[in-house]
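Chains as they are written, first to last, in this note's numbering: chain D, 4 to 494; chain S, 4 to 494.
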C-alpha cells in the first residue's frame, strides 16, 4: 500500500482555499446532522514522526463545534501499559451517540511499536491486532462510522524535517530518540505498517493513507474523505450497519446442565462454619499472592432473583482487604451509559493487575434481562455472545482469572424466600415489584440462561452452575471454586 | 491528642458480638435513609502501618449495600503526583448525593509524608492543608457528612506487628520500607499528625482517633461513631449544614470597569490580519515552551451571548497542536453532574502540566446564569465567590497560568448579530430561543457580571474585560493577553 503512493503530489494555494472554504461549513453541518441522528464517529490518526499530524488534525477539528468531539492522545508510559488490559484505556474513549472521538495516538501506536521490536508472532502484537479488529467490528455493528488515517512521508523527507526542527532552538527538544529510531529503521516500520494495514483494513473501518509531503493536499484529502464518508452515511436509509458479522443460529436447546441439577444438595450448619472459616483463610492468603504477583481476577455472579448472589458475595468479600477487591453492582444502564456500546461501562471496570473485581450481575445482562425484556433486539443480543466471548478472551490473554457463577434455585424456593423477605422488616426493602414480575417470566429467563451457558462456556472462562437451594452449600461451592481457580493460575 | 489515648483498651468477644449485631442492620437502614434523602457522606481513614486499617474498613463496608458506596485507595507514584493539581485526583472522587465515598488513602497521606520529610512551612505541606480545609468546608456547605478516622497504635505494638508479618513467608513481602521508616521515625510522625489534626479538625469534618490495639474495640468504635453521626444527621430538621462560612455581603456596586468601557475600539482588516499572524506564530512558540517546561494554562471565556467567544477561541486554537490544548465547552450540568458539588465537573477538567485548557464558559456559571435564573439559591451563589477564589488559588499555587476574559458588547451590537445569524443559513442553528430570553435579562446579567468582576479579580488570576463590538479588536486583545500572561510566567 505504501510503496505505490505518489508522495510528490501537491496542491495550489488558490485551489486549496476554494476547496476548504466549501468543506468547512459542510463538515459543520454534517456534525450537527450526526448529533441529531445520534450517529457516533471514530477517527484514528497515525503517522510517521514529522508527518505534521498535529497541525493536520487541528485543521479538521477547527471545522467542528468542540461540544461534539473529543480528542484523545493516549500516551501511557511503557511500565503502566501493562497494568490494565488495552480495552480499559481505549474502549472507554470510544464515542457516544452523536459524538466524535478523534485519536491522535491510540492502540495502533502500541501495536506498531511491538511489531517493530519483536516478530509478528509476538503475543502482544497479535493480541493488539485482535483487540483492534474486534473493537472496531463491535463499534461498527453498533452504528459507529470509523475511518483510520495514516500520514505518510518518505525517509528522506522525514530526515529533512527532523533536521530542520533540530536546528531551531525553540523546537529542538521536541525531536525525540523515537523519531530518529523510526528514520533509521524506516524499512522495518514500513513492513510492520503494511502488515497491520493488511490485518486491520476492513469495509467498516478502512485505512486511508494520506500523502503527507504537502500539507495543503493532506488537509484537503483528510477533510474531503471525512466529509464524503459522513455524507454517504447521512444519505443511506435507516440505521446502516457496515459490519455483517455472521450471527450465530439458535442451536438445539435439547439438554442443558441446568435441567440436570441436583438442587437437594445440602450442607449442615457446623460443617458450613468450619468450611467457611477454612476457605476464607485460604482466600485471604491467595488474595495476598494475587496482589503480590499482579494477577487480575474477575468473579461474576448471575442468577434468578433471590438465588443468593448477595450472600455468596458477602462471604467472599469478608476475607479480603478493601484495597484489593471491589464489588461492582450492575443495574440497568444509566442515561449516559446508554449513549455508548453496551460493553462500554464494563470496559472501565476491568481489573488492573492484582485486583479482584466481583461483579454482582454483569455484561451477561445483554443476553439475560435485555433479551427477555426486549431491551435489546434479537440481532443485538445474538451478536452479544460473540462480543462477550471476545471480551473474555481479551482478559484471559492479559492473564486474568475469570470465574463465572450461575446461581440456580427452584421456583418453590424462590417463593419461600420472597415471602420471608416480605415478613422481615430488615429485609423487606430487598423485595420489589420487579421481582414478582420477573418471576412470571421464569421460563423465558431459563431459556436465556440455557443458551448463555451453552454459547459462552469457554475453556478459559467456564461457567460454574451453583445449586442454590441450600445457602450453606452454595456459599461454600462459590468460595471453593474461586480458591481453586486462583490456585490453578498461581501454579 | 495522641498522647492521652488509652491504647490498652479492649472489648470482650461476647460484648462485641452483641453490639455489632445491632449496629450492622442499623447502618444498613441509615444508608438507605441517606440515599432516599440524597445526603452524601465522606469517610476518611488514615492510620499507622500495621494498624489493621484494611480489615477494620472492611468490617464497616460489609454493613452496606455496595451500590451505595465506593472505596478509594488513591496510590499515585511520587513522580505522577506532580502532573496534576491535588483537587484533580481527590475532588473527583468525592461522593454524589445519597452515596458514600470511603477513602482508605487520600490527601492526608501526601500531607503526612511531606510534613515528615520537610518542615511545616514547606509550600507543598501548606498547600495540602489548604486544599483539605477548603475542600472539606465546601463539601460540608453542600450538605456532605464528613468523618475522619485515624487508627493509632503505639511504637512497640507497631514493631511487634511488623515483625510478626515478616516472619510469615506469605506476608513478609507486604511489610515495606515505608512501614519501618514510620516505626523508626515514630516521634516525627506523631508530631506531624498532631500538627495536621490541629489544623484540619473542624466541627463539620472532625478527626476521630481510634485506639487500634484491639480490633474488636476499634471496629466497634468506628461503626458506632458512623452510626451516631448518621443518626444525628437523619434526625436534624431540614438540610442541616455544618459549616457556617461567613457569607460576603453585597458590596456597593457603584462603579465597575464594565460601565467605563470604550466599545468603539476598533481595528482595520489589514492590521487584524498582520497582528493575528504575528500573535498566532508567537503563541505557537509559547505553546511549545509551555509544554516543554510543564506549565498548565487555563484560559476561560465568559460574556454576553453573541459577544464573540467562539470566534476568539477559534483564533487561539488555530495555532496550537491538539495534543497540547483542549476546548472545554461548558453547558448546563448533566443529570449526574448535578448529583455532586457544582465544582466537581471542573475538578476533573483541570489541566495537567504542559496542557492548555480553554474553557468556553466556566465555573463562573454559578454566579452568572445560575444566579440570574435562580438555579442556585442566594446562599449558594454568594458562597461561590469564595469557593472559586479558593479553586483558582489552588491552581496558581500549582503553577497554573490563569487568564480570564469577559467579552462585552452593547445591546445594539447584540441585536445586529442575532439578526445576522437569523438570516445566514450557515449560522442560523447558533441562535436559539434562549438567546432571546437571556437578552431580556440583560440588566440582571450585567449586575451579576459587575459583582463577579469585583469579587473574583485577584492578583494571580485577574479578569481581562474585552471590548467586543469590533470582532477584530477583541480577537487580537485576547490572543495578545494570553501571550503576555504566558510570557510573564516563563520569565
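All C-beta atoms, glycine included, are put in the ideal place defined by N, C-alpha and C. These figures come from a predicted structure and were not determined experimentally.
(message) Could you check whether the Cβ of residue 61 of chain D sits closer than 8 angstroms to any Cβ belonging to chain S?
(response) yes
(message) I need the DSSP call for residue 307 of chain S, collapsed to helix, strand or coil.
(response) coil
(message) Please state the DSSP three-state secondary structure of residue 349 of chain D.
(response) helix
(message) At a CB distance below 7 angstroms, what residues from the segment 284 to 316 of chain S approach chain D? Give them in sequence order.
(response) 288, 291, 295
(message) What does the Cβ neighbour count give for residue 250 of chain D, buried or exposed, with the cut at 16 atoms within 10 Å?
(response) With a pLDDT of only 46 at residue 250 of chain D, under the threshold of 50, the placement of this residue in the model should not be trusted; the figure read from the coordinates follows. It is exposed - the Cβ of residue 250 of chain D has fewer than 16 other Cβ atoms within 10 Å.
(message) With a threshold of 8 angstroms between beta carbons, is residue 19 of chain S in contact with chain D?
(response) no
(message) Counting only C-beta atoms, is residue 237 of chain D closer than 8 angstroms to chain S at any point?
(response) no
(request) Name, please, each residue of chain D whose Cβ falls closer than 7 angstroms to the Cβ of residue 432 of chain S. (result) 35
(request) Return helix, strand or coil for residue 195 of chain D, following the three-state DSSP convention. (result) helix
(message) Does the contact criterion of 3 or more C-beta pairs under 8 angstroms hold for the segment 27 to 37 of chain S versus the segment 281 to 296 of chain D?
(response) no
(message) So the candidates are D/431, D/385, D/403; which of them puts its Cα closest to the Cα of residue 455 of chain D?
(response) D/385
(request) Compare the C-beta of residue 475 of chain S with all C-beta atoms of chain D and state if any pair is closer than 8 angstroms. (result) no
(request) Determine whether the Cβ of residue 87 of chain D lies closer than 8 angstroms to any Cβ atom of chain S. (result) no
(request) Pull up the distance between the alpha-carbon of residue 271 of chain S and that of residue 476 of chain S, whole angstroms please. (result) 8 angstroms
(message) Three or more C-beta pairs under 8 angstroms: does that hold for the segment 122 to 138 of chain S against the segment 10 to 25 of chain S?
(response) no
(message) Residues of chain S with CB closer than 7 angstroms to the CB of residue 107 of chain D, please, in chain order.
(response) 325, 326
(request) Confirm, please, whether the CB-CB distance from residue 305 of chain S to residue 369 of chain S is below 8 angstroms. (result) no
(request) For residue 321 of chain D, go through chain S and note every residue whose CB falls closer than 8 angstroms to its CB, in chain order. (result) 61, 65
(request) Assign residue 73 of chain D to one of three DSSP states: helix, strand, or coil. (result) strand
(message) Beta-carbon within less than 6 angstroms of residue 284 of chain S's beta-carbon, same chain only, minus the 5 sequence neighbours each way: which residues are those?
(response) none
(message) Quick check: the Cα distance between residue 418 of chain S and residue 452 of chain S, rounded to an integer number of angstroms?
(response) 20 angstroms
(request) Evaluate the contact criterion for the segment 299 to 313 of chain S versus the segment 405 to 422 of chain S: three or more CB pairs, one atom per stretch, below 8 angstroms. (result) yes
(request) State whether the segment 208 to 215 of chain S contacts the segment 151 to 159 of chain S, with contact taken as three or more CB pairs (one from each stretch) at a distance under 8 angstroms. (result) yes
(message) Counting only Cβ pairs nearer than 8 angstroms, list the residues of chain D close to residue 332 of chain S.
(response) 68, 69, 70
(message) Quick check on the burial criterion: 16 or more other C-beta atoms within 10 angstroms. Buried or exposed for residue 428 of chain D?
(response) exposed
(request) Give me the Cβ distance between residue 108 of chain S and residue 282 of chain S, rounded to the nearest whole Å; I'm assuming they're in contact under 8 angstroms. (result) Contact flag wrong, Cβ pair sits at about 45 angstroms.
(request) Please go through the same chain and pick out, in chain order, the residues whose beta-carbon is closer than 6 angstroms to the beta-carbon of residue 471 of chain D, but skip the five residues on each side of it. (result) 310, 311, 410, 411, 412, 477
(request) Compute the Euclidean distance between the alpha carbons of residue 491 of chain D and residue 198 of chain D, then round it to the nearest angstrom. (result) 36 angstroms
(request) Would you mind reading off the limits of the alpha helix (DSSP H) that contains residue 218 of chain D? (result) 218 to 238
(request) Could you work out which residues of chain S lie near residue 339 of chain D, taking near to mean beta carbons separated by less than 9 angstroms? (result) 337, 338, 339
(message) Cβ closer than 7 angstroms: which chain D residues qualify as neighbours of residue 223 of chain S?
(response) Within 7 angstroms Cβ-Cβ: nothing; residue 223 of chain S doesn't reach chain D, min ~17 angstroms.
(message) Does residue 379 of chain D come out as helix, strand or coil in the three-state DSSP assignment?
(response) coil
(request) Determine whether the Cβ of residue 218 of chain S lies closer than 8 angstroms to any Cβ atom of chain D. (result) no
(message) Rounded to whole angstroms, what is the Cα-Cα separation between residue 348 of chain S and residue 73 of chain D?
(response) 16 angstroms
(request) Work out the CA separation of residue 261 of chain D and residue 376 of chain D for me, nearest whole Å. (result) 21 angstroms
(request) Would you be able to state if there are at least three C-beta pairs under 8 angstroms between the segment 325 to 332 of chain D and the segment 53 to 66 of chain S? (result) yes
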